[in-house]
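Trainee: Each residue of the sequence shown is one higher than the one before, starting from 1 at the first, in our numbering.
Please find one structure pasted underneath; my questions will follow.
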Amino acid sequence: MLVRKAVMVLVGAMTLISASYAFQRARSFFEEDEANIPLPPDANEKTEYTFARLRYPSFRGGAAYWSARGNWTVDYPKADRQFVQGVRRLSRIHTKSVETVVDLETDEIFNYPWVYVVEAGHWDLPEAQTKKLREYLLRGGFLMTDDFHGTFEWDIFTASMSRVFPDRPIVDIENKDAIFHVLYDLDERFQVPGIIMFYSGRTYEYDGIEAKWRGIYDDNGRIMVAVCHNMDLGDAWEWADHPRYPERYASLAYRVGINYIIYAMTH
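Spelled out as structure tokens, the structure:
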């Protein structure tokens, strides 16, 4: 038993190392300093909707680069900025041109009906933050998780989420659910890969072969947490303007995100 556990840990570590190396190669291909993206001239406009990104503490077992920077910063802020431009063009939602970073240390999160979490397979929420997130969601908030892959990251994700909702299961969202039809009909969904596919040759990461569209519901049948597992919608938003990134993936990523926003603001 101990030998088998040791082998599993070793395999998991090697998988993470190889994926991290491929990811660094992918990032070097695009050579872009995301931190220096200039603010648009209307950044201070008061609007109906603001893209809110959750800042959270990271699980210490992650890749050194992202653990130091914070996994919540992946694709930030370019993905957020490009996505909201799509929301402006493709919907009538009065949308702010820049994102807002929120956390669970204060009550600021209650000002935003829709919050995005990237790399949820690397978060590690302390007890006080799990209680705050539970309160936010039960009071009508909506959380969208994205860009985490395979069983290893799923286990890390659920370790925190099960403390947020020990009494509520994570279930597959049925095609007939309103979240897939509030604006776009999304019956035909497929795996949206990150840019790591340029080096791995695969649309999936680790053992996350199949895209999973899951959720946690409240007592009234409203989705509080939309779980996008084994996919990378954030990369699709961020690199939608790059000629090497396929349009079909970017288009689905935008449609999913916009549907989730409209659902959150109407349910």
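Beta carbons: idealized from backbone N, C-alpha and C, even for Gly.
Only a predicted model underlies this, so the values are computations on that prediction, with no experimental measurement involved.
1) Please state if the CB of Tyr49 and the CB of Ile93 are separated by a distance shorter than 7 Å.
2) Would you give the residue range spanned by the alpha helix (DSSP H) that Ile262 belongs to?
3) First and last residue of the beta strand (DSSP E) that includes Lys46?
4) Considering only residues of the same chain and omitting the five flanking positions on each side of Tyr116, which have a CB-CB separation below 6 Å?
5) In the region 123-164, which residue ranges form an unbroken beta strand (DSSP E) of at least 3 residues, counting only runs that do not cross its ends?
6) If Ala254 and Phe83 are in contact, beta carbons under 8 Å, what's the gap, nearest whole angstrom?
7) To which residues does DSSP link Tyr217 through a beta bridge?
8) Hey, could you find the ends of the beta strand (DSSP E) Phe53 is sitting in?
9) Are Val87 and Thr95 touching if we call contact CB-CB under 7 Å?
10) Report, in whole angstroms, the separation of the C-beta atoms of Arg134 and Phe165, which I expect to be a contact under 8 Å.
11) Asp146: which of Ile173, Val192, Asn111, Arg168 sits nearest, CA to CA?
12) Take His242 as the anchor and find which of Ile195, Cys228, Glu105, Arg139 has the nearest alpha-carbon.
13) When you compare only the Cα positions, how much space is there between Gly62 and Met161?
14) Starting from the C-beta of Leu138, find all residues in its chain whose C-beta is less than 8 Å away, skip the five residues before and the five after it, and write them out in chain order.
15) Can you check which of these residues, Glu105, Ser97, Leu39, Arg81, is closest to Pro57 by C-alpha distance?
16) If you draw a straight line from the C-alpha of Asn259 to the C-alpha of Ala128, how long is it?
17) Output the boundary residues of the beta strand (DSSP E) element that contains Tyr116.
18) Just to confirm my understanding: we take Arg168, look at its own chain, exclude 5 residues before and 5 after, and list those with CB closer than 6 Å. What are they?
19) Quick check: Asp103 and Arg163, are their CB atoms within less than 7 Å of each other?
20) With Val84 as the anchor, note down where its alpha helix (DSSP H) starts and where it stops.
21) With the cut-off set at 7 Å, would you say Ser97 and Asp42 are in Cβ contact?
22) Can you list, in chain order, the residues of its chain with a C-beta nearer than 6 Å to that of Gly150? Leave out the 5 residues immediately preceding and following it.
23) Give me the Cα-Cα distance between Gly121 and Asn44, rounded to the nearest whole angstrom.
24) Output the boundary residues of the beta strand (DSSP E) element that contains Thr95.
Mentor: Working from what's here:
1) Numbered from its first residue, the sequence shown carries residue 93 at position 93. Numbered from its first residue, the sequence shown carries residue 49 at position 49. In this structure, Tyr49 lies closer than 7 Å to Ile93 by Cβ.
2) Here residue 262 refers to the residue found at position 262 of the sequence shown. That run of the alpha helix (DSSP H) goes 247-266.
3) Working through the sequence shown from its first residue, we reach residue 46 at position 46. That residue, Lys46, is in no beta strand (DSSP E); it is neither H nor E in DSSP.
4) By one-based count along the sequence shown, residue 116 stands at place 116. Once the five neighbours on either side are set aside, the close Cβ partners of Tyr116 are Arg53, Met144.
5) 142-146
6) Here the question's residue 254 lines up with position 254 in the sequence shown. Here the question's residue 83 lines up with position 83 in the sequence shown. A small fix is needed here, since residue 254 is Tyr in this sequence, not Ala. The pair is a contact, with the Cβ atoms about 7 Å apart (cut-off 8 Å).
7) In the sequence shown, the residue the question calls residue 217 occupies position 217. BP columns for Tyr217 point to Ile223.
8) Translated into the one-based positions of the sequence shown, residue 53 becomes position 53. The question names Phe, yet the displayed sequence has Arg at residue 53. 52-54 is the extent of the beta strand (DSSP E) around Arg53.
9) Position 87 of the sequence shown, counting from 1, holds the residue named residue 87. Position 95 of the sequence shown, counting from 1, holds the residue named residue 95. The answer is yes: Cβ separation under 7 Å.
10) As a position in the sequence shown, residue 134 is number 134, starting the count at 1. As a position in the sequence shown, residue 165 is number 165, starting the count at 1. Arg134 to Phe165, Cβ: 7 Å. Contact.
11) Residue numbering aside, residue 146 sits at position 146 when the sequence shown is read from its first letter. Cα-wise, what sits closest to Asp146 is Val192.
12) Start at 1 with the first residue of the sequence shown, and residue 242 comes out as number 242. When each option's Cα is compared against that of His242, the closest is Ile195.
13) Taking the first residue of the sequence shown as position 1, residue 62 is located at position 62. Taking the first residue of the sequence shown as position 1, residue 161 is located at position 161. Here the model assigns Gly62 a pLDDT of 49, short of 50, so the residue's position is not dependable and the matter cannot be decided.
14) Stepping through the sequence shown from its first residue, residue 138 is reached at position 138. Answer for Leu138: Asp218, Met224, listed in chain order.
15) Reading the sequence shown from its first residue, position 57 is the one you call residue 57. Checking every option, the nearest Cα to that of Pro57 belongs to Glu105.
16) Position 259 of the sequence shown, counted from the first residue, corresponds to residue 259. Position 128 of the sequence shown, counted from the first residue, corresponds to residue 128. The straight-line gap from Cα to Cα measures roughly 31 Å.
17) Position 116 of the sequence shown, counting from 1, holds the residue named residue 116. Residues 114-118.
18) Taking the first residue of the sequence shown as 1, we reach residue 168 at position 168. Correct list, in chain order: Ile216.
19) Taking the sequence shown and counting its residues from 1, one reaches residue 103 at position 103. Taking the sequence shown and counting its residues from 1, one reaches residue 163 at position 163. Not closer than 7 Å, so no.
20) Along the sequence shown, one-based indexing puts residue 84 at 84. First-last of the alpha helix (DSSP H) with Val84: 78-90.
21) Position 97 of the sequence shown, counted from the first residue, corresponds to residue 97. Position 42 of the sequence shown, counted from the first residue, corresponds to residue 42. Yes, these two residues count as a Cβ contact at 7 Å.
22) Here the question's residue 150 lines up with position 150 in the sequence shown. Within the same chain, Gly150 has close Cβ partners Tyr206, Asp207, Gly208.
23) Within the sequence shown, the letter at position 121 stands for residue 121. Within the sequence shown, the letter at position 44 stands for residue 44. Approximately 32 Å between the Cα atoms of the pair.
24) Residue mapping note: residue 95 aligns to position 95 of the sequence shown, counting from 1. Counting along the chain, Thr95 falls outside any beta strand (DSSP E), and DSSP gives it neither H nor E.
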